[in-house]
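Quick notes on the structure that follows.
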Amino acid sequence: MPSRRLFLQRSLQLTALAALSQAFPGYAAERSKVYPFTLGVASGSPRHDSVVIWTRLLPDPLNAQALAPMVYKVLWEVAEDEGFKRIVNKGEVFALPDLAHSVHVDVTGLSPGRWYWYRFIHGDAISPVARTRTAPAMDAPLSTLKLAVASCQHWEFGEYAAHRHIEQANPDLVAFLGDYIYEWGPYDLKHPAKPRRRDIESSNLEEYRARYAQYKSDPQLQAAHHAAPWLVTWDDHEVCNDYGNERDERLDANFILRRAAAYQAFYEHMPVRLHKVTVLPSQFAHMRIYERFDWGRLARFHVLDDRQYRSPQICAKPGRGGANVVTQAECTSRNDSALTLLGAEQEKWLAQGLASSQAKWNILTQQTFMAQTNLSNVNVDGEGKFWTDGWDGYPAARQRLFDDIEKHRPSNTVVISGDVHTFYAANLKRDFWKKSSPDNPVLATEFCGTSITSNSRPQERTDQIVAQNPHIKYGRSDKRGFMLLDISANKMLTQFVAVDDVSKADSGISTLKSFVVEDGKAGLVSI
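Just so you know, the sequence shown maps onto residues -28 to -1, 1 to 499 in mature numbering (1 follows the signal peptide of the UniProt record, and there is no 0).
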């Protein structure tokens, strides 16, 4: 006998299908042989009057070619209520095989600062119902914002319990800061005990699509997407480890083709807008992801891309590209003023955004830890040891950013980061070797989140790093989890939230540490 839950689900589906004849006159729902919404739905890139909603038709997450290469019609609805009695926008869109039968709808004409519900329909199959919202209007009174921040979710290294707790935190917005997938690891969901080996590395469009399908099949990740809209950017593993611009670790002459495939797969699976509407694979090689989002006058998010436009990492290992750990004596070119992490155009764009911002909080939403991280036990300027893949590999570019912050004085600059699989809290200043002073003030605060699952260094080593870098006030690398930021006009409260056991899908959580940044006072306060 079918369970009561399945009976209720089917009843709700039949009720919804009956309503389609009113919402879409003449629509005849064909019987679906298989359920096509196995990857769930998602929304993102919210503005005061619009939001992007997404899904992908794929009956079997382990078979990326499960659908015939033809065009499918998909209906969509957005409503003011979960029961879809007050539909505010609707339409139809076509899922194209050239884009893996993914669907992106930029829903416009919405009211600012309110929640909505949305769903998709294909044949008689109805997607999960999910919740999204618009940003407040620019002239709205300052309110509050609950922001969840996550990054780095290697499939083979743990369960996605953190995403269930993100959903339960009831955020207004989720910021995901890169490494949504990892390009390597076993695909097979049916043999989770398979040893962790760096094999089956994605290199073409079909393989990247399969990797995303595997990751997005997880119900707890889907639940986090269903809870709120997301702001997303990428880091390296959406393509391959430590790539920089058009150069990878292997110095592959055809790397740009691989990057194009990876960027296309990213678009096919994320609720983002394209700046140039295209389905030509070659044009995805230069897909712009950096963007600016205003949450009324409360917050401005400057979402950055530090991969696509950077100068390739300097002082790489012989015959290789990618990152290295170097001293200043070994790598004098590290301070070259020509090196850029964001590229000249994005640097200019960011400076303009900081200069024009009227927001109470300016949040640089980006991939990797910005604070100087001396890995040596010597705390003398010029004798430190640094990892070249992050901002420490581009100190002149970091100083240009700090110059812009000093020049334009945007209100309450806060940097949120990921990538390094460690909770860090730090104060940012022009000269990290010197104490804070009127001549060397704290310019901004940085909160770096640990990974959802990806592993990290031993805690003993992180303790040493914190001790060697006085501007880093806290470091925790032995825990996986996410950050929760409660933002108001007067303060920003940041909580470092850790799962108890990353190997358990039903793991509980605890708050490791909390910090406050007060309006008008750069720098963090431990509470």
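Even glycine gets a Cβ: it sits at the ideal position worked out from N, Cα and C.
Is there contact between the stretch 127 to 136 and the stretch 95 to 107, where contact requires at least three CB pairs shorter than 8 Å? no
What is the DSSP secondary structure of R370, counted as helix, strand or coil? helix
Beta carbon of D220, beta carbon of G157: below 8 Å? no
By Cβ distance, which residues of its chain are closer than 6 Å to L347, with the 5 residues on each side in sequence left out? K357
With DSSP collapsed to three states, give me the class of L484. strand
Write down every uninterrupted run of the alpha helix (DSSP H) in the stretch 359 to 425 whose length is 4 residues or greater and which is fully enclosed by it, in chain order. 367 to 380
Taking Cβ to Cβ, would you say E490 is nearer than 8 Å to K451? no
At 4 residues or longer, and completely inside the stretch 94 to 143: list those alpha helix (DSSP H) runs for me, N to C. 133 to 140
So, does the stretch 174 to 181 touch the stretch 135 to 149, judging by three or more C-beta pairs under 8 Å? no
Report the residue from S428, K407, N217 and R222 whose alpha carbon sits nearest the alpha carbon of F395. It is S428.
Residues of its chain near E139, where Cβ-Cβ distance is below 6 Å and the 5 sequence neighbours each way are ignored: A195, A196 and A199
Rounded straight-line distance, which links the Cα of D151 to that of T425: 11 Å
By Cβ distance below 6 Å, which residues in the same chain neighbour residue 500 in space, the five residues on each side in sequence not counted? Limits of the chain in this structure are -28 at one end and 499 at the other, which puts residue 500 out of reach.
Contact between the stretch 411 to 418 and the stretch 381 to 390 is defined here as three or more beta-carbon pairs at a separation below 8 Å; is this criterion met? yes
Inter-residue spacing [alpha-carbon to alpha-carbon] between Y215 and D277: Distance between the alpha carbons of Y215 and D277 is about 13 Å.
Can you tell me where the beta strand (DSSP E) with A14 in it begins and where it stops? V13 to G16
Would you identify the three-state DSSP class for A494, choosing helix, strand or coil? Coil.
Am I right that A51 and Y88 are in contact with their C-beta atoms under 8 Å? What's the rounded C-beta distance? At roughly 7 Å, the Cβ-Cβ gap stays under 8 Å, so A51 and Y88 are in contact.
With a cut-off of 8 Å on the beta carbons, I'd call Y90 and I153 a contact; round off their distance for me. Wrong, their Cβ atoms sit about 24 Å apart, outside the cutoff.
Delimiting residues of the alpha helix (DSSP H) encompassing L437: First, the residue type needs correcting, since residue 437 is Ile and not Leu in the sequence shown. Unbroken alpha helix (DSSP H) run through I437: Q431 to Q440.
Considering only DSSP beta bridges, list what F148 is partnered with. Answer by DSSP bridge pairing, in chain order: A122 and V204.
If contact is defined by three or more beta carbon pairs under 8 Å, each pair taking one atom from either stretch, is the stretch 469 to 476 in contact with the stretch 352 to 366? No, they do not touch.
For the candidate residues D403, E263 and V121, whose alpha-carbon lies nearest to that of G325? E263
Following the continuous beta strand (DSSP E) through A470, name the residue where it begins and the one where it ends. Unbroken beta strand (DSSP E) run through A470: K463 to V471.
Note down the Cα distance separating A323 from K5, rounded to an integer number of angstroms. 53 Å
Give the straight-line distance between the Cα atoms of K57 and E49, rounded to the nearest whole angstrom. 11 Å
Where L82 and G12 are concerned, what is the direct C-alpha to C-alpha distance, given to the nearest angstrom? 23 Å
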